[in-house]
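Q:
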Amino acid sequence: MKYVKYKVFSIGAYEKEEQWLNEMSAKGMHLTDIGFCRYVFEKGTPGEYIYRLQMLENIPTHPQSVDYIRFVEDTGAEQVGSILRWVYFRKKAANGPFDLYSDLDSRLKHYRSINAICNVIIPIEFIIGALNIFIINVNVPGELPNIIYRTNMLLGLFCIGLGIWVIFISRSIRKKIKILKKESTIRE
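Every letter in the sequence shown is one number past the one before it in the numbering used here, and letter 104, counting from 1, is 111.
#1: Have a look at Glu49, Tyr118 and Gly163 and flag the residue whose alpha-carbon is nearest the alpha-carbon of Asn139.
#2: Residues in its own chain within less than 7 Å of Phe16 by CB, not counting five upstream and five downstream?
#3: Which value, in whole angstroms, describes the spacing of the CA atoms of Val79 and Arg178?
#4: Pull up the DSSP beta-bridge partners for Gly88, would you.
#5: Between the Cα of Lys9 and those of Arg45, Glu30 and Ile155, spot the shortest distance and give me the residue it belongs to.
#6: Do you know whose CA, among Arg92, Gly136, Ser191 and Val94, lies nearest Leu161's CA?
#7: According to DSSP, simplified to helix, strand and coil, what is His69?
#8: With DSSP as the reference, identify every bridge partner of Phe207, one or two as the case may be.
#9: Opposite Gln61 in the DSSP bridges: which residues?
#10: Over what stretch of residues does the alpha helix (DSSP H) that includes Val173 continue unbroken?
#11: Check for me: the alpha helix (DSSP H) holding Asn29 runs from which residue to which?
#12: Flag this pair as touching only if the stretch 171 to 189 and the stretch 116 to 128 have three or more C-beta atom pairs under 8 Å; answer yes or no.
#13: Using the beta-carbon count (16 or more within 10 Å), is Tyr13 buried or exposed?
#14: Where does Asn153 land, buried or exposed, given buried means 16+ other C-beta within 10 angstroms?
#15: Can you pull the DSSP bridge partners for Tyr56?
#16: Just to confirm before moving on: does the CB-CB distance between Asn102 and Tyr58 stay below 7 Å?
#17: Mind checking Gly168: buried by the 16 CB within 10 Å criterion, or exposed?
#18: Quick check: what's the CA-CA separation for Pro53 versus Lys34?
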């Protein structure tokens, strides 16, 4: 029997998402399909799988990504699904530990990729938000129908709010990068 759960995780909370998927697996709920904020589970043996997420450098259909996914699958893992550049893998727990980031450098690179995306999203959200608010301020209030005026205002405020939210996500990612850099220097 299939169960569908809806849950929202930010781009910077992939570890929490991984943890949640592994908790679901411990309860016997195994991920079989993924969508935007949508998770499809099947009932199975509790703790049968270990789940890992990874953001690839390219989309999953890119030849370089296809090669990497094939490499991970050769280790005994399987790809459950993907969203944009995020890929969801699982491996039977009986086959031993499953870690996609074997060293600090690969983890650091992963966090830097996430931070780079945040750094692109932030200005885009602020520009879209400012443009929507600017549009309503340029027009004389009586010229625009009330619904358009309100829609632009709400969309503008939503985009600016989203930009602020991504700033907080980015800050937490930068903190993790800083911690990993310190750890890397200590090990050297």
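Glycine included, each C-beta is placed from N, C-alpha and C at the ideal position.
A: According to the structure shown:
#1: Along the sequence shown, read from residue 1 onward, the residue named residue 139 stands at position 132. Selected option, being the one with the closest Cα: Gly163.
#2: Counting from 1 along the sequence shown, the entry for residue 16 is found at position 9. Taken in chain order, the residues that qualify are Lys23 and Glu24.
#3: As a working note, residue 79 is residue 72 in the sequence shown. As a working note, residue 178 is residue 171 in the sequence shown. In a straight line, the C-alpha of Val79 is about 30 Å away from that of Arg178.
#4: As a position in the sequence shown, residue 88 is number 81, starting the count at 1. Answer is Tyr95.
#5: The residue given as residue 9 occupies position 2 in the sequence shown. Lys9 has its Cα closest to that of Arg45, out of Arg45, Glu30 and Ile155.
#6: Taking the first residue of the sequence shown as position 1, residue 161 is located at position 154. Minimum Cα distance to Leu161 is reached at Gly136.
#7: Walking along the sequence shown from the start, residue 69 turns up at place 62. In the structure shown, His69 sits in coil (DSSP, three-state: anything other than H, G, I, E or B).
#8: No answer is possible for residue 207: the residues shown for the chain start at 8 and end at 195.
#9: Within the sequence shown, residue 61 is the residue found at index 54, counting from 1. For Gln61, which the question treats as bridged, DSSP gives the partners Val94.
#10: If you number the sequence shown from 1, residue 173 lands on position 166. Asn153 to Arg194 is the span of the alpha helix (DSSP H), which, as asked, contains Val173.
#11: Looking up residue 29 in the sequence shown gives position 22. Segment Tyr21 to Ala33, the alpha helix (DSSP H) holding Asn29.
#12: yes
#13: On the sequence shown, position 6 is the one that residue 13 refers to. By the neighbour-count criterion, in which a residue is buried when 16 or more other Cβ atoms sit within 10 angstroms of its Cβ, Tyr13 is exposed.
#14: Taking the first residue of the sequence shown as position 1, residue 153 is located at position 146. By the neighbour-count rule (16 or more Cβ atoms within 10 Å), Asn153 is not buried but exposed.
#15: Here residue 56 refers to the residue found at position 49 when the sequence shown is read from its first residue. According to DSSP, Tyr56 bridges with Lys99.
#16: If you number the sequence shown from 1, residue 102 lands on position 95. If you number the sequence shown from 1, residue 58 lands on position 51. For Asn102 and Tyr58, no; Cβs fall outside 7 Å.
#17: Counting from one through the sequence shown, the residue named residue 168 turns up at place 161. Exposed, by the Cβ-count rule.
#18: The residue labelled residue 53 in the question sits at position 46 within the sequence shown. The residue labelled residue 34 in the question sits at position 27 within the sequence shown. The straight-line gap from Cα to Cα measures roughly 5 Å.
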